[in-house]
Every structure is written in C-alpha cells, then in structure tokens.
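One structure is given here, and the rest of the page talks about it.
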Amino acid sequence: MFSRQAVRTLRAAAPASRLVARAPAVRTYAAAAATEAVKPPVAVFGLDGTYATALYTAASKTSSLDPTAKALATLEGIFAKDPKLTTVLAAPTLTPEDKAAIVAELTKQAGAGSQETVKNFLAALAENNRLGLLPGITQKFAEIMSAARGEVELIVTSATQLDNKTLNRLETSIAKSSYVGQGKKLKVTNTVNPDIVGGLIVEIGDRTIDLSVSGKIAKLNKLLTDTL
Numbered sequence: 003m004f005s006r007q008a009v010r011t012l013r014a015a016a017p018a019s020r021l022v023a024r025a026p027a028v029r030t031y032a033a034a035a036a037t038e039a040v041k042p043p044v045a046v047f048g049l050d051g052t053y054a055t056a057l058y059t060a061a062s063k064t065s066s067l068d069p070t071a072k073a074l075a076t077l078e079g080i081f082a083k084d085p086k087l088t089t090v091l092a093a094p095t096l097t098p099e100d101k102a103a104i105v106a107e108l109t110k111q112a113g114a115g116s117q118e119t120v121k122n123f124l125a126a127l128a129e130n131n132r133l134g135l136l137p138g139i140t141q142k143f144a145e146i147m148s149a150a151r152g153e154v155e156l157i158v159t160s161a162t163q164l165d166n167k168t169l170n171r172l173e174t175s176i177a178k179s180s181y182v183g184q185g186k187k188l189k190v191t192n193t194v195n196p197d198i199v200g201g202l203i204v205e206i207g208d209r210t211i212d213l214s215v216s217g218k219i220a221k222l223n224k225l226l227t228d229t230l
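The end of the sequence shown is residue 230 by the working numbering, with every number in the run present.
This is the structure in structure tokens:
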C-alpha cells in the first residue's frame, strides 16, 4: 500500500538523474502515441481523459493493454484509500528529485517495474507537472478499458447492502433484458443510500429505472401538486 510513511519517504534521495535519464523514453512515448492513433472504444473528456486516451493508444501499440490496465487499477485503488495523495502529487513545490522519487514509488506500488509503457507515462506526467491528474486518469482509463471489454455498467442503489444471492439474481435477469446488448457483460456495483427508504434504483449504462420508495413518494407528491 502507498502508505503515509511512503509519502514522507518520497523526498528521500532518489537521484534526479533517474527522471533525466527517462527523458528520451518520454519523448519516444509521446511520439508513439501521436503517430499512429488507436481510437479508444469510448470518448473520455477533460485533460485527464486526454492523458488516459494517450495511454490507451500507447499501450495498444505496444500490446501491453492488460498489464497497463492492471497497474492503473492498482493505483486507482490506492488513491481511493488515501485521497490525500492527490494533494501530494499536485503540490507545486515538488522538486525534480521529489518527482523522481514519486515516479519510482508509484511504479513499485503498481507492480509495473517491467512495464515500460507505464513507467514512461508516469515520467511524462512528472515532467509536465501533471502528476496531480493521475487519480482522474486512472478512472478515465478504467472507463475506456471497460468499454473495450464490452462491459455495461450496472449500478444498483439500495437502502441497505444487498447480499450476493440477490445481486446475482438481478444480474441474471437484467442480462437477459433488452437493456443489455448481445455479447455485452455486466459490471455490477451495489451502492447504499438510506435516503431511498426502500426498493431499488437500477442504472444500466445511460438508463435509470427508479423502483425506490422515495421515488414513488416523489411521483405521488408531484401528482397531488399538479392536481391541486
């Protein structure tokens, strides 16, 4: 895990020459991503989306999508556990030595020591003072990879946590419906929101089915208001 102690040690003497030595590789990476663009299966927006798209292109060209996705997913999990890391990465006072240490630590935590695409990408972010975008980049890259794998996101919101049996029944039922295209795979997430009181809110891709108690109450209130 990328612990608080690890963050403090990032300022240890990781020589700036590491970052300088990677500069040619960074330029090569940028050029490779731009020369023969591989169009991602879905468009993602924002500056972090631009970087995520460039990484997808580079990883596609080097046939390293799976290990790159695994490394980025690991980093996404680390950032989710410790949101303060974003502040550390975005600090304007970071020296070249700090950035080199951060790149080395991130590479280690992501298990990407042998993944040149990931290492060069992280070095490029450091060189361009964009390390603070990395949490957003990991999320956008996950969106691209999910689309590439033919996954359809299914978000089930309930007032309390659903058990696996209930989730599996929902997944099986929805997978057979017209809401999911042929050959697509469902990526199921259960979120808890006590405010819905009871029932479910089901989101499939860009569709939302509100079966919650709170939704029914809102509709009833609107009906009464319109009638009066």
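Idealized CB from N, CA, C, for every residue including glycine.
- About 13 Å separates the Cβ atoms of T119 and A54, ruling out a contact at the 8 Å cut-off.
- A distance below 8 Å separates the beta carbons of L127 and L135.
- In this structure L213 is exposed. Its beta-carbon is surrounded by fewer than 16 other beta-carbon atoms within 10 angstroms.
- Judged by beta-carbon spacing, Q111 lies beyond the 8 Å limit of I139, meaning their Cβ atoms are not closer than that value.
- With a cutoff of 8 Å on beta-carbon distance, D50 and K121 are scored as not near each other.
- A residue is called buried when at least 16 other Cβ atoms come within 10 angstroms of its Cβ; V154 meets this threshold and is buried.
- The alpha carbon of N192 has as its nearest neighbour, out of Y181, I198, A45, L156, the alpha carbon of L156.
- Going by C-alpha positions, T227 is about 10 Å away from K221.
- In the DSSP assignment, L133 falls outside any beta strand (DSSP E) and carries neither an H nor an E.
- By the neighbour-count criterion, in which a residue is buried when 16 or more other Cβ atoms sit within 10 angstroms of its Cβ, A102 is buried.
- For D228, the enclosing alpha helix (DSSP H) has its first and last residue at 215 to 229.
- Taking C-beta separations shorter than 8 Å and ignoring five residues to either side along the sequence, the partners of G113 in its chain run K72, A73, T76, following chain order.
- For secondary structure counted as the beta strand (DSSP E) over 3 or more consecutive residues, the segment 152 to 190 holds these complete runs in sequence order: 153 to 160.
- Straight-line measurement puts the Cα of E129 at about 22 Å from the Cα of T64.
- With a cut-off of 8 Å on Cβ pairs, the segment 88 to 96 is not in contact with the segment 164 to 174, counting fewer than three such pairs.
- Taking L164 as reference, the option from G200, L188, P137 with the minimal CA-CA separation is G200.
- Assignment of alpha helix (DSSP H) within the segment 57 to 109, counting only whole runs of 4 or more residues, yields 67 to 83, 86 to 92 in chain order.
- Between S216 and I198, the CB-CB gap stays under 8 Å.
- Across the structure, A82 and T229 are spaced so that their CA atoms are roughly 47 Å apart.
- Taking 8 Å as the upper bound for CB-CB distance, Q117 and P69 are in contact here, some 5 Å apart.
- Of the candidates R132, D84, G115, the residue whose Cα lies closest to the Cα of P98 is R132.
- Secondary structure of G48 (DSSP, three-state): helix.
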